[in-house]
Every structure is written in C-alpha cells, then in structure tokens.
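Everything in the sequence shown is counted per this note's numbering, starting at 4 for the first residue and increasing by one.
Even glycine gets a Cβ: it sits at the ideal position worked out from N, Cα and C.
Comments concern the structure below.
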Amino acid sequence: MNHLVQANPALLEEIREINQRLIDTVVCVSDEDVDPISAAAISAEGGEGTIVKCSFSAVALSPNLKSQYASAQMSPIQPLRLLVPISYPSSSPILLDKFPIEVSKEYEDISLKAKSRFSISLRNLSQPMSLGEIAKTWDACARAVILEYAQRSGGGSFSSIYGTWEDCLSAA
C-alpha cells in the first residue's frame, strides 16, 4: 500500500523559495523507494504525504576543505528525509531518520554529529514546524559540524581563525 502522494503546487513553491535562500542545503522531493523502517514510520504516523530530502552540498566551503569533504577523510553528511503530510502546513513534517541521543566526542561520523545537533535544535522550533524552518536548522547544524571538523583539522573559515566582526557601537 503506497502512502506517498505527489507534491502539491504550494509545497513545490515553498521548496523553490527555500532553495533560493539557502546556499549549502538543497531541498527536493524524493523519488527514492522507501525502506521498510521508513514505511513503518509513515504508517505509524497515519501518514500520507510527500517525502522530501534536505541534502547538505557544502558549496560554500573553502577549496581545501571541499577536497577533504569529497575525499575519504570525511564521511559526507547523509541527507535528512522528511514526510510532509497532506495536512501540512497545519501539521509539522515528520522526520523519517533515526536520531542519536548523544554522539561520542571521538566518533568521527559527521553525519551522526549533524543529526544529533539537529535533533537538539529542533526543540527550539515552534509547532507546527515549517519545512523552511527545518531546512534552515539542518543547514546551520550541518555547517557547524563541518566547521568544527575543519578547526580540529587545522583549517576553518576566516571568522573561525581571526574572529568575527564586531559592531563598533556595541563594542565601545
């Protein structure tokens, strides 16, 4: 029994607007087959809806960090998968991925670290959550995990190395 429905025009428009605002994260309707665990989650939620993927593409990384990200030195961040119910936007999108409770410091799976940080950050979003808020939160969490990795590897961004700009009026 297929619980997935085609994305409605309003959802497609929202996805287009999200993608115009975010640089490193791409949101798209997923046409992948649903694994049995996700299918069970969809059924448990009474779910009919559209599966959407948030993929962190790391476009804005420095060339050096991009090459590390693309190599075997760093596992890529796995996409976040959501079920956008047909009742959206009056109900929140449903997360289809399992999230770790806590990730050990020495474990280097940045995908798990990003998901762990994301699950904590979700608690600060108001209900019902919008797809845009979720994508923006995912983008910030994935970027933060990548920057932490870069700093531990001796790299980072201009701001992480030299500090951030200060507002002269508030600093005085």
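Let me know the secondary structure DSSP gives residue 12 once reduced to three states. helix
Look at residue 178 and residue 98 and say whether their C-beta atoms are less than 8 Å apart. A question about residue 178 goes unanswered here, because the residues of the chain that appear run from 4 up to 175.
How should residue 19 be labelled, buried or exposed, when 16 other C-beta atoms within 10 angstroms of its C-beta is the threshold for buried? exposed
Could you give the distance in angstroms between the alpha-carbon of residue 54 and the alpha-carbon of residue 146? 23 Å
So if DSSP puts residue 59 in a beta bridge, which residue, or which two residues, is it bridged to? 28
Going by other Cβ atoms of all chains shown within 10 Å of its Cβ, with 16 needed for buried, is residue 13 buried or exposed? exposed
Cα-Cα, which of 87, 121 and 34 is closest to residue 101? 121
Should residue 61 and residue 34 be called a contact, given that it needs their Cβ atoms to be closer than 8 Å? no
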